[in-house]
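Structure record follows, encoded as structure tokens.
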Amino acid sequence: MQNFRIKALYVRFYLYICRNKINANMIQEIKIKNFLSFKDEVCFSFEATNDKFAEESQVVTINENTRLLRFAIIYGYNASGKSNLLRALDFLLYFWSFKPKDLDSGTGVIPFKLDKTSADVPSCFEMVFFVRDTKYCYQLELDQYQVYLEKLSYYKTPNL
């Protein structure tokens, strides 16, 4: 079931990229801490470098200070965390979409389990994204039993 959900998330993400709305709604970065294989904070950034190679087809300029990649490729050794990045996105999608019927059912988050202290520390997620000319920052801190922080902040960015 879990592999099906990851594949479904991938297909939804792929379809989103293929639509013409890619210039209006874009993820800048995703940070994950204490979730599955991510003990320390890991940041997946879609910010473009200053390299001008293939800029017209690969880079979207949001404003004069922000240039984002249209897509990114994640590669690495087996068991290096590639699938867990998709599982983190899948967890966020599930967390946003489905509210528990029973408040005692827990949050569903799975912390890093290879040391004893991580079980007592909240898992943290942060996503910075743009919707048209507005920049949003979503933050979530939770453990297996409760949500400590859920915050969405935003500000308008200057137009080009």
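So the sequence shown is residues 1 to 160, counted in the UniProt record's numbering.
The beta-carbon is built from N, C-alpha and C at its ideal position, and this holds for glycine as well.
For clarity, every value in this text was computed on a predicted model and none was experimentally measured.
With fewer than 16 neighbouring CB atoms inside 10 Å of its own CB, V131 falls in the exposed class. With 16 or more neighbouring CB atoms inside 10 Å of its own CB, F38 falls in the buried class.
The C-alpha of D104 is placed about 43 Å away from the C-alpha of R67. For N63, the uninterrupted beta strand (DSSP E) run begins and ends at V59 to N63, by DSSP. Put simply, the backbone Cα of K135 is about 23 Å away from that of S57.
Taken through DSSP and simplified to helix, strand or coil, E56 comes out as helix.
Remark: fewer than three beta-carbon pairs, one from each stretch, lie closer than 8 Å, so the region 112 to 123 and the region 48 to 64 are not flagged as touching. Excluding sequence positions up to five before and after A88, its CB lies within less than 6 Å of the CB of I32 and F35, all in the same chain and listed in chain order.
Excluding sequence positions up to five before and after K151, its CB lies within less than 6 Å of the CB of Q139, all in the same chain and listed in chain order. Judged by beta-carbon spacing, T107 lies beyond the 9 Å limit of L85, meaning their Cβ atoms are not closer than that value. The DSSP-derived three-state label of S37 is coil. Under the three-state reduction of DSSP output, K82 falls in the helix class. Under DSSP, the beta-bridge partners assigned to K151 are Q139. A distance below 7 Å between beta-carbons, with the five flanking residues on each side excluded, links A48 to the following residues of its chain, in chain order: V59, R67, L68 and L69. Bounds of any beta strand (DSSP E) do not take in V109, whose DSSP letter is neither H nor E. Take the alpha-carbon of D133 and the one of S153: they are about 14 Å apart.
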